[in-house]
Amino acid sequence: MKKAILLGILVVVLIASCKKKKENPSCEAVEDGTIKLNLHHMVGPMAFEFNTDFTDDYGNNYQFTRADWYLRVPGFLEHDNITPIVSTNTHFKIDPEVLELTYGTIAPTALHNMQWGVGVDSTANHLDPNTYVTGSALSNQSPSMHWGWSSGYIFCVLEGLVDIDGNGSYDPLETFALHVGMDSNYKDGTNLHVNSEVTDGGTTTIQLSVDYSAFIDSVDLSIENSTHTMDNMPLAMKIANNFNKVLNLH
């Protein structure tokens with residue numbers, strides 16, 4: 000009787016083994032691969048630097064003193080371009096000192112497109128930052144990236160100095176503060192064609208460029224230099240409409 004039972008178990012194991020060999024000829028355990036995103040922070044063709052002169056589209060010199068924003072990566076698309084591959088980690092708080100992000104681990108596959116957007120999606124935008132563990136992108140930040148449960152998160156904070164009168168120096172009160180949020184200003188970007196392979200136990204690194212000048216494309220900082228969204232919605236919308244230009248493959 001025992002021999003019959005053992006023989007039955009052996010048959011089941013052999014059948015399962017044959018099935019695994021068809022799916023994985025080497026019959027070895029397949030490990031998930033890791034997806035990382037490397038960020039190259041730029042202002043147009045130049046590397047991003049705080050307290051360094053740049054020029055807007057209207058010839059105004061300006062400097063950044065703060066540049067924080069939220070990147071959302073809803074998922075990746077396989078070559079069939081239908082099924083998204085997602086991670087629980089979809090929001091990232093970005094500033095020029097963030098050089099590498101770990102998106103997550105997934106089974107080996109081919110990645111075709113990366114979905115992305117700037118801001119916090121409408122569901123997460125009205126959750127309480129206190130419910131997130133410290134260190135999470137959507138937990139409390141310093142300086143703050145959150146207005147309150149009604150208005151939600153600040154999607155983009157750009158602050159700095161601007162030579163409004165063109166005299167070659169940054170006089171007192173010659174500043175800009177651009178704070179953009181609210182559900183309607185969340186913007187998805189055009190999918191990026193990453194065309195990468197996630198390999199067995201390997202790390203797939205996607206190189207991305209962030210262009211901070213794209214946030215203020217066609218913005219005249221000498222006169223369009225202040226919005227906290229609701230107090231200057233036209234300017235907030237103008238900046239939000241630039242969000243889809245900010246991220247590109249490096």
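For the sequence shown, numbering that gives the first Met the number 0 assigns the number 0 to the initial residue and increments by one for each residue that follows. Backbone N, C-alpha and C define an ideal beta-carbon position, used for all residues, glycine too.
query, result
"Out of Gly-201, Asp-230, Pro-128, state which residue places its alpha-carbon closest to the alpha-carbon of Glu-30.", "Gly-201"
"Mind checking who Leu-191 pairs with in its DSSP beta bridge?", "Met-113"
"Along the chain, where does the beta strand (DSSP E) that runs through Ile-153 open and close?", "151–161"
"Measure the Cβ-Cβ separation of Asn-247 and Leu-191 and say whether it is below 9 Å.", "yes"
"Using the DSSP secondary-structure output, state which residues sit across from Phe-175 in a beta bridge.", "Gly-159"
"How long is the line joining the alpha carbons of Arg-65 and Thr-104, rounded to whole angstroms?", "32 Å"
"Considering Cα atoms alone, identify which of Phe-154, Phe-47, Ala-106 is closest to Leu-70.", "Phe-154"
"Do the segment 202–214 and the segment 124–133 make contact, defined as three or more Cβ pairs closer than 8 Å?", "no"
"Under 8 Å by Cβ, that's how I've got Phe-175 and Ser-217 pegged, so tell me the actual separation to the nearest angstrom.", "Not really, about 15 Å apart at Cβ, beyond 8 Å."
"Only counting the same chain, and skipping five residues up and downstream in sequence, which positions put a Cβ closer than 8 Å to that of Ser-149?", "His-125"
"Looking only at C-alpha atoms, which of Asp-199, Met-236, Val-119, Thr-108 sits nearest to Leu-177?", "Met-236"
"Does the Cβ of Tyr-152 have 16 or more other Cβ atoms within 10 Å, making it buried, or fewer, making it exposed?", "buried"
"How would you call Gly-147, buried or exposed, if buried means at least 16 neighbouring beta carbons within 10 angstroms?", "exposed"
"State the beta-bridge partners of Lys-35 as determined by DSSP.", "Thr-101, Thr-204"
"With DSSP as the reference, label Phe-47 as helix, strand or coil.", "coil"
"Hey, Val-156 and Glu-173 are a contact pair by Cβ (cut 8 Å); roughly how many whole angstroms apart?", "So it is not a contact: roughly 19 Å between Cβ atoms."
"Under a three-way DSSP split, which group does Ala-106 fall into?", "coil"
"Please specify which runs of the alpha helix (DSSP H), each continuous and at least 4 residues long, are wholly inside the segment 222–249, giving them in chain order.", "232–239"
"Which residue's Cα is closest to the Cα of Val-86: Gln-114, His-145, Gly-118?", "With the sequence shown as reference, residue 86 is identified as Ser, and Val is not the correct amino acid for it. Selected option, being the one with the closest Cα: Gln-114."
"Can you give the Cα-Cα distance for Gly-43 and His-227, rounded to whole angstroms?", "25 Å"
"Determine which residues share a DSSP beta bridge with Phe-91 and list them.", "Leu-70"
"Start and end of the beta strand (DSSP E) containing Trp-146?", "145–147"
"Under a Cβ-count criterion, where at least 16 other Cβ atoms within 10 Å of its own Cβ denotes burial, should Thr-189 be classed as buried or exposed?", "exposed"
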